[in-house]
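Chains W and S, in that order, are what the protein sequence lines are. The first sequence begins at 477 in this note's numbering and counts up one residue at a time. The second sequence begins at 477 in this note's numbering and counts up one residue at a time.
There are 2 protein chains.
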Amino acid sequence: MAVYTEVSDEALKAFLALYDLGEVVSFKGIAEGVENSNFLLRTTKGQFILTLYEKRVDAADLPFFVGLMEHLSRRGVTCPQPVRNRAGTALGTLAGRPAAIVTFLDGLWIRRPNVQHCGEVGEAMARMHLAGADFSVRRANALSLDGWPPLFHEAEERADSVASHLRDEGAAELAYLEARWPAGLPGGVIHADLFNDNVFFLGEKLSGLIDFYFACNDAFAYDLAICLSAWCFEPDNSFNISKGRALIARYEQVRRLDAAEVAALPILARGAALRFMLTRLVDWLNVPPGAKVAPKNPLEYRDKLRFHQRVRSAADYGLVR
Amino acid sequence: MAVYTEVSDEALKAFLALYDLGEVVSFKGIAEGVENSNFLLRTTKGQFILTLYEKRVDAADLPFFVGLMEHLSRRGVTCPQPVRNRAGTALGTLAGRPAAIVTFLDGLWIRRPNVQHCGEVGEAMARMHLAGADFSVRRANALSLDGWPPLFHEAEERADSVASHLRDEGAAELAYLEARWPAGLPGGVIHADLFNDNVFFLGEKLSGLIDFYFACNDAFAYDLAICLSAWCFEPDNSFNISKGRALIARYEQVRRLDAAEVAALPILARGAALRFMLTRLVDWLNVPPGAKVAPKNPLEYRDKLRFHQRVRSAADYGLVR
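Rendered as structure tokens:
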């Protein structure tokens, strides 16, 4: 649920006057997204999303995010396209926050994805990886290996209040990954948060990708590893290998994984699971009073991590060679 | 912020299959409204609002609300129009809750209304009062005189924790109103909750009324009294008589108040202020842990009540005779 900032009539009017978008006919807060305030904006020229970037997003990263969406949509990836104002800039200020208007994307996010949806995501992600190749702005992944120890230290004291032995389990996994995390894998721009609420479908056809606010430069296969956890488990946290097979196979129809990526997939999946376990754990332990956001359960990702710890090779995810 | 209920892909599909609305192209929760869950629904046939009625709305009242919107829109009042399904009914069930689809209304609600906006509201309310005259379903006002003592008793123990002497102030006002509450005033269907977030504008022109879920049969002038408090005070809780004059004058251009209504206006305004003070007080004292709704401040309405207590006649609201 996300409207953290109220926009006054005058401020909205003054902001929109900078754009060539006609007259506003509707403006409604959207109860989706957890980092920023999002509004559905209809004008006489069409339908748009207006986003106010709240304090969890570093303003210094905004040119990367906005530039990336522009770059990808120019290369045929269906994603929100930033709208430039009359001065030619896509980033402005509204209600004291950085703000941008992007085009509205048709489609619904799928609450319970099936095998076909997983395949669509694999293909779209591979196309996005290729389309990002010549994007010149760079952004390090703040939530990769170096980012995990600070998260762990923030949560470790109270981790066992969430589940017994969670602290030990996290510490052991962190040590394991620090000793073995792969380097030198093929990489480029990754989405890094391609969960089901960030992918739109019309029927079983993927219609667009949204929410590029964790995008960064990292190993392509790490993006795939995130999706294995995000898309291919059932509600009881059992892995569905048919979904994994569809995700990987459709990915490889566009971009084939090399031998190093295949070998690294299980450890990348462990890292991805630890990353989401840790960020969820920190959020879980730090719900502010009166919070309007229900925190996600970190134990879902502990259970996924346990699965990945038992995986012997990428074949267990459905990769066929 | 209001999405209390998640709707699964299958449930939405099955629900929409009952309607002749084409294919769904977008479905987003809306962060507005506090009683129900609202979703913006776009299909190949247009744009709609889908509402799930949560437990604070009595299901027995829904035929009144839905029938009223249908009645009013047929008589030219711009309000959401319930969409009937192929079986001819406008009320269904989705995700275990009563649900309805209504047409989407263009317009924005005004955060800081000016005199012109107040005049528009007066005129639209009078037109609504006339348009409701031949609506045959009836619903008593559950939040009029008889409804206030239970609210007061629910809050009185802890009232002084919100502001000193609030309990005594409430008790005295309740006794005053019980001794003097007018009967026999001209009446019919009133909106009973016509606050600024329930009125849409395009520029300074009113474009529609929404949220009829407190509508009921009561004195017309009571509806006007609610609007005096809701529209004509400044952020510092001072009464703006120019706004009051515009509200009343434009109302009277459509429906002239009779002598009894004019005489009763100050006491009706006191009652309306007490009603919102009490409901806000109860909500304020009963915020559930993890609530996604920020309660409104009851003291805003205590201050408005104090103003109405000092009013000598309707002339103090800007009524000209």
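Backbone N, C-alpha and C define an ideal beta-carbon position, used for all residues, glycine too. None of the values given here were measured: they were computed from a predicted structure.
Practice item. Would you kindly work out how many angstroms separate the C-alpha atoms of W/V787 and S/N512, rounded to a whole number? Key: Roughly 45 Å separates the two Cα atoms.
Check your understanding: Where are the alpha helix (DSSP H) runs, 4 residues long or more, that stay fully inside the region 520-605 of chain W, in chain order?
Key -> Correct list: 538-550.
Review point. Looking at the C-beta of S/I506, does it have a partner C-beta in chain W at a distance below 9 Å?
Key: Closer than 9 Å: yes.
Review point. Along the chain, which unbroken stretches of the beta strand (DSSP E) at least 3 residues long are found entirely within the region 660-709 of chain S?
Key: Within the region 660-709 of chain S, the complete beta strand (DSSP E) segments of 3 residues or longer fall at 663-666, 675-678, 681-685, 692-695, listed in chain order.
Point to revise | the region 632-650 of chain S in contact with the region 659-675 of chain S per 3-pair CB rule at 8 Å | key: Short answer: they don't touch.
Check your understanding: In whole angstroms, what separates the C-alpha of W/F491 from that of W/G684?
Key -> Each residue's alpha carbon lies about 27 Å from the other.
Point to revise | Of the residues W/H605, W/Q785, W/E776, the one placed nearest W/F688, counting alpha carbons only | key: Ranking the options by Cα distance to W/F688, first place goes to W/H605.
Check your understanding: Thinking just about the alpha-carbon of each residue, which of W/A487, W/A576, W/D673 is nearest to the one in W/Y529?
Key -> When only C-alpha atoms are compared, the closest one is W/A576.
Exercise for review: For W/S640, count neighbouring C-beta atoms within 10 Å of its own C-beta (all shown protein chains included) and say buried if the count is 16 or more, exposed if not.
Suggested key: It is exposed - the Cβ of W/S640 has fewer than 16 other Cβ atoms within 10 Å.
Review point. According to DSSP, what are the bridge partners of S/F752?
Key: DSSP lists no partner for S/F752.
Practice item. Specify whether the region 773-789 of chain S and the region 739-755 of chain S touch according to this definition: at least 3 beta carbon pairs, one from each stretch, less than 8 Å apart. Key: Taking 8 Å as the limit for Cβ pairs, the verdict is that the region 739-755 of chain S does touch the region 773-789 of chain S.
Check your understanding: Among the residues of its own chain, which have a CB less than 8 Å from the CB of S/D636, if the five just before and after it don't count?
Key -> In its chain, beyond the 5 residues on either side, L642, R643 have a beta carbon closer than 8 Å to the beta carbon of S/D636.
Check your understanding: Is S/A607 helix, strand or coil when you go by DSSP?
Key -> In the structure shown, S/A607 sits in a helix (DSSP, three-state: H, G or I).
Practice item. With 9 Å as the threshold, decide whether the Cβ of S/I586 is near any Cβ in chain W. Key: For S/I586, the answer is yes, since a Cβ of chain W falls inside 9 Å of its Cβ.
Check your understanding: Does the separation of the CB atoms of W/W585 and W/N514 fall below 9 Å?
Key -> The answer is no: Cβ separation not under 9 Å.
Point to revise | Residues, ordered as in the chain, of the region 593-612 of chain W that lie near chain S by beta-carbon distance below 9 Å | key: Cβ contacts with chain S come from no residue of the region 593-612 of chain W.
Exercise for review: Along the alpha helix (DSSP H) that carries S/S718, what are the first and last residues, could you check?
Suggested key: Counting along the chain, the unbroken alpha helix (DSSP H) around S/S718 starts and ends at 717-730.
Exercise for review: With DSSP as the reference, please indicate the residues paired to S/R518 in a beta bridge.
Suggested key: Within the DSSP bridge table, the entry for S/R518 names S/S502, S/Q523 as partners.
Review point. What did DSSP end up calling W/V616 once you bin it into helix, strand or coil?
Key: Correcting the residue identity first, residue 616 of chain W is Ala in this sequence and not Val. The three-state reading of DSSP puts W/A616 in strand, counting E and B together.
**Study point:** Endpoints, alpha helix (DSSP H) assigned at S/Y777
**Key:** S/Y777 -> alpha helix (DSSP H) spans 774-786.
Practice item. State buried or exposed for S/M477, treating a residue as buried only when at least 16 other CB atoms are found within 10 Å of its CB. Key: With a pLDDT of only 41 at S/M477, under 50, the local geometry of the prediction cannot be trusted, and no value is derived from it.
Point to revise | Closest by C-alpha distance to W/N678, when choosing among S/E499, S/Y495, S/E482, S/E633 | key: One detail in the question is off: residue 678 of chain W reads as Leu in this sequence, not Asn. If we check each option's Cα against that of W/L678, S/E499 comes out closest.
Check your understanding: So does the region 723-735 of chain S actually touch the region 744-764 of chain S, counting three or more Cβ pairs closer than 8 Å?
Key -> Output reads no: the region 744-764 of chain S does not touch the region 723-735 of chain S.
**Study point:** Beta carbon proximity, W/E482 to chain S, threshold 9 Å
**Key:** Chain S contact via Cβ: present.
Review point. Just the Cα atoms here: how many angstroms apart are S/S849 and W/G564?
Key: Missing from the structure shown is residue 849 of chain S; chain S here goes from 477 to 797 and no further.
Check your understanding: Thinking C-beta only, is S/L653 closer than 9 Å to S/L621?
Key -> Yes; because the gap between Cβ atoms is below 9 Å, this pair is in contact.
Exercise for review: Using alpha carbons as the reference points, say which of W/L661, W/L526, W/A507 lies closest to W/Y495.
Suggested key: The shortest Cα separation from W/Y495 among W/L661, W/L526, W/A507 belongs to W/L526.
Check your understanding: With which residues is S/S513 paired in a DSSP beta bridge?
Key -> S/S513 is bridged to S/L528.
Check your understanding: Along the region 512-529 of chain W, what residues have a CB closer than 7 Å to any CB found in chain S?
Key -> From the region 512-529 of chain W, only L516 have a Cβ closer than 7 Å to chain S.
Point to revise | chain S contacts from the region 667-690 of chain W (Cβ-Cβ distance under 7 Å) | key: Residues passing the 7 Å Cβ filter: L678.
Review point. Comparing the C-beta of S/G498 with each C-beta of chain W, is any distance below 9 Å?
Key: For S/G498, the answer is no, since every Cβ of chain W falls outside 9 Å of its Cβ.
Review point. Should S/S640 be flagged as near chain W, meaning a C-beta pair shorter than 9 Å?
Key: Output row for S/S640: interface = no.
Check your understanding: Are any of the Cβ atoms in chain S nearer than 9 Å to that of W/M477?
Key -> Caution is warranted here: a pLDDT of 41 is assigned to W/M477, below 50, making its placement in the model unreliable, and the coordinate value is therefore given only provisionally. Residue-level contact check: W/M477 touches chain S, since one or more beta carbons of chain S fall below 9 Å from its beta carbon.
Exercise for review: Using a Cβ cut-off of 9 Å (strictly closer), state whether W/W760 contacts chain S.
Suggested key: No, W/W760 lies away from the interface with chain S (no Cβ there is under 9 Å from its Cβ).
Point to revise | Inter-residue Cα distance where the pair is S/R573 and W/L795 | key: Each residue's Cα considered, the two are about 43 Å apart.
**Study point:** Partners in chain S for W/V501, counting only beta-carbon separations shorter than 9 Å
**Key:** Under the 9 Å cutoff, chain S gives D582, G583, L584, L678, S683.
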